[in-house]
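Visitor: For the record, the sequence lines run as chains H and G.
So that you can map any letter, position 215 of the first sequence is 215 in the working numbering, and since no number is skipped, the others follow by simple counting.
Here the working numbering runs 1000 ahead of the position in the second sequence, where the first position is 1.
Structure provided below as structure tokens; questions to follow.
There are 2 protein chains.
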Amino acid sequence: MHFTSEQRLDDGVLEREFTLGEIPGTLWTPESAGPVPLILMSHNNGLPRREARLVARARYTAAQGYAVVSIDAAGCGDRPRSAAAEQARAELGRAMRAGDPVDRIDEIFESLVGPLVENAVPEWRATLDAVLELPGIEGPVGYTSWTALGIRLAAVEPRIAAVGFFAGGYVPRAQREEARQVTVPLLFLLQWDDEGNPRQRALDLFDAFGSKEKTLHANLGGHLGTPRFELVDGDRFFGRHLK
Amino acid sequence: MHFTSEQRLDDGVLEREFTLGEIPGTLWTPESAGPVPLILMSHNNGLPRREARLVARARYTAAQGYAVVSIDAAGCGDRPRSAAAEQARAELGRAMRAGDPVDRIDEIFESLVGPLVENAVPEWRATLDAVLELPGIEGPVGYTSWTALGIRLAAVEPRIAAVGFFAGGYVPRAQREEARQVTVPLLFLLQWDDEGNPRQRALDLFDAFGSKEKTLHANLGGHLGTPRFELVDGDRFFGRHLK
């Protein structure tokens, strides 16, 4: 893990850019001294890790006393584009806007997101290894955001102690089947009118998780309408399980 | 409103029993000086207002800086029993345990709970009038617990500024139709495996509310399994809207 820049922010959080092999990432750590838990904060839909909403969430979370790490997925953010993935992403957007049948969307989704999840898992595990070697970051480890990746990671990575997922109307078939293997405490966040995530499928996914302690929070509105108080609720959820 | 006893509790909360005409009730107020908001805390299923879980919730809420008032519904708690209601309640319990068809349960439910809601509304409005005349209790007013009554009260009572409902798989037909008239901020609490509240009907009810700001919290487990952290979440919800 090689740090390429660092900046102390207004809220006392230290923001450090790094590379780990070819993976670019950002690590946010709080001002507080003692050892802190770690939260892996991912994001799907080809968003860069520097997207403003994601950065704001990471900074808020770090200021509450966590180390937060994010990396760009292959083909996203600072990483080289893949023509095939860009094309599949454009086709997925077109099909969703056109209201294509669920089966057709599933098919494009599977071909795009299935491999993305497969490739992201070893990168996130390598990142987890590297960050936990840094002084003052001891775990336990939480995971938040991208549902499909989180299902696979929680199923294979015993160091993950709690997960917060968002949306989840579309996830690859393999992760729908793996959902029952997720057994850690889980907070599932759903936008009731999310145009890109069929509500019933998201509810079915919530039902499928194997966790004995799982909570669904649903709010009125579309994909980007999550109310700000859910940030505080997410912090309280991780506080119960990681602190 | 005639106070019949008072007791200062360990947490500083003042617990006062009262009668308002033939209605027996309890008022909990916090130690703090200044004016406080008011929460109407109801309960259905023929529970007495002195039921231990309800009292614990009322005391916790009062200690967070609210006046909390509860009254016994007709035929419940300290009030004279009605043979017809007792029989309908026994029949409802039997039908639920036996897994009778939803239509049959609806029919018994309608005959029992429909009139209960009708009769409870003027009693709760009279209670609201009386409590708001007491010094130091100024509103705004929140309502929590019994879904069917809360729908009717929120639809007819403009002083109610926020509502927290629980369960809601079975509510009388009139209240299912009135749900769209509920337009204040709403927190809807659902137990995912509540044996007595069909999940899909509760989700349909959540969907029907007219509120622009509504949040669903669902947790794994049966009717009595609501996790303790929901008490804190409920307090934060009312804090956003009443304080």
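Backbone N, C-alpha and C define an ideal beta-carbon position, used for all residues, glycine too.
Considering only the beta carbon of each residue, do L54 of chain H and W124 of chain H sit closer than 8 Å?
Guide: Contact: no.
Visitor: Of all the options H:S70, H:E138, H:H241, which has the alpha carbon lying nearest to the alpha carbon of P35 of chain H?
Guide: Closest by alpha carbon: H:E138.
Visitor: Residues of chain H with CB under 9 Å from N1219 of chain G, in chain order?
Guide: In chain order: E213, K214, T215, L216.
Visitor: Rounded to whole angstroms, what's the CA-CA distance from R1050 of chain G to G1077 of chain G? Just pull it up for me.
Guide: Approximately 7 Å between the Cα atoms of the pair.
Visitor: Sort H:L242, H:E17, H:N44, H:L187 by Cα distance to G114 of chain H and report the nearest one.
Guide: Nearest of H:L242, H:E17, H:N44, H:L187 to G114 of chain H, Cα basis: H:N44.
Visitor: Should R89 of chain H go down as buried or exposed, given a rule of 16 or more other Cβ atoms within 10 Å for buried?
Guide: R89 of chain H comes out buried.
Visitor: Got a sec, what are the start and stop residues for the beta strand (DSSP E) F3 of chain H sits in?
Guide: Here the beta strand (DSSP E) through F3 of chain H covers 2-8.
Visitor: For the region 1185-1192 of chain G against the region 1228-1243 of chain G, do three or more pairs of beta-carbon atoms, one drawn from each stretch, fall closer than 8 Å, so that the two count as touching?
Guide: Touching, per the Cβ criterion.
Visitor: Kindly indicate which three-state DSSP category W146 of chain H falls into: helix, strand or coil?
Guide: The answer is strand: DSSP assigns W146 of chain H an E or B state.
Visitor: Going along chain H, which residues have a C-beta under 9 Å from F1229 of chain G?
Guide: Chain H residues near F1229 of chain G: T215, R236, F237, R240.
Visitor: So what does DSSP say about R1240 of chain G, is it helix, strand or coil?
Guide: In this structure, R1240 of chain G counts as helix in the three-state DSSP scheme.
Visitor: Which of the three DSSP states is assigned to L92 of chain H in this structure?
Guide: In this structure, L92 of chain H counts as helix in the three-state DSSP scheme.
Visitor: Out of G:R1008, G:T1019, G:T1215, G:R1152, which has the shortest C-alpha to C-alpha gap to V1182 of chain G?
Guide: When each option's Cα is compared against that of V1182 of chain G, the closest is G:R1152.
Visitor: So which residues on chain H does D1194 of chain G lean against when the C-beta distance must stay under 9 Å?
Guide: Result: empty, since nearest Cβ-Cβ is about 14 Å, beyond 9 Å.
Visitor: Whole angstroms is fine: what's the gap from A1202 of chain G's alpha carbon to A1167 of chain G's?
Guide: Distance between the alpha carbons of A1202 of chain G and A1167 of chain G: 7 Å.
Visitor: What residues of chain G sit near D204 of chain H, judged by a beta carbon separation below 9 Å?
Guide: None at all; the shortest Cβ gap to chain G is about 12 Å.
Visitor: Going by DSSP, what residue range makes up the beta strand (DSSP E) through P1037 of chain G?
Guide: 1036-1041 is the span of the beta strand (DSSP E), which, as asked, contains P1037 of chain G.
Visitor: What residues of chain G sit near D103 of chain H, judged by a beta carbon separation below 9 Å?
Guide: Those do not exist, as D103 of chain H stays about 24 Å from chain G at its closest Cβ, beyond 9 Å.
Visitor: Looking at the structure shown, is T1183 of chain G part of a helix, part of a strand, or coil, going by DSSP?
Guide: Residue state, collapsed to three classes: coil.
Visitor: Mind reading off the beta-carbon distance from A1208 of chain G to A1179 of chain G? Whole number of angstroms is fine, and I expect it under 8 Å.
Guide: Correct: roughly 4 Å between the Cβ atoms.
Visitor: Within 10 angstroms of the Cβ of S145 of chain H, are there 16 or more other Cβ atoms? Answer buried if so, exposed if not.
Guide: Classification for S145 of chain H: buried.
Visitor: Got a sec: is the Cβ-Cβ distance from D78 of chain H to anything in chain C below 8 Å?
Guide: The chain labelled as chain C is not found among the protein chains of the depicted structure, namely H and G.
Visitor: So if DSSP puts H1217 of chain G in a beta bridge, which residue, or which two residues, is it bridged to?
Guide: DSSP lists H:H217, G:L1189 as partners of H1217 of chain G.
Visitor: State the CB to CB distance for the pair A1154 of chain G and V1184 of chain G, rounded to an integer number of angstroms; the pair is presumed to be in contact (CB under 8 Å).
Guide: Correct: roughly 6 Å between the Cβ atoms.
Visitor: Counting only beta-carbon separations shorter than 8 Å, does D1233 of chain G have a partner in chain H?
Guide: Chain H contact via Cβ: present.
Visitor: Three or more C-beta pairs under 8 Å: does that hold for the region 1055-1065 of chain G against the region 1011-1020 of chain G?
Guide: At 8 Å Cβ cutoff, the stretches touch.
Visitor: Please state whether the Cβ-Cβ distance between E162 of chain H and L20 of chain H is less than 8 Å.
Guide: This sequence places Ala at residue 162 of chain H; Glu is not what is there. No. Outside cutoff.
Visitor: Have a look at I160 of chain H and R1199 of chain G and give me their C-alpha separation to the nearest angstrom.
Guide: Answer to the nearest angstrom: the Cα atoms are 30 Å apart.
Visitor: Can you tell which of H:F165, H:K212, H:V141 has the C-alpha that lies nearest to the C-alpha of H300 of chain H?
Guide: Since the first residue of chain H shown is 1 and the last is 243, residue 300 of chain H is not available in this structure.
Visitor: Looking at the unbroken beta strand (DSSP E) that takes in T19 of chain H, where does it start and where does it end?
Guide: Run containing T19 of chain H: 14-20, per the beta strand (DSSP E) assignment.
Visitor: So, for V131 of chain H: in the same chain, excluding its five sequence neighbours on each side, which residues have a beta-carbon less than 8 Å away from its beta-carbon?
Guide: Excluding positions up to five away in sequence, the list reads M1, L27, L38, A67, V69, I137.
Visitor: Just how far apart, CA to CA, sit S1032 of chain G and G75 of chain H?
Guide: For S1032 of chain G and G75 of chain H, the distance between alpha carbons rounds to 57 Å.
Visitor: Thinking just about the alpha-carbon of each residue, which of G:F1109, G:L1128, G:I1023 is nearest to the one in P1158 of chain G?
Guide: Considering only alpha carbons, the answer is G:L1128.
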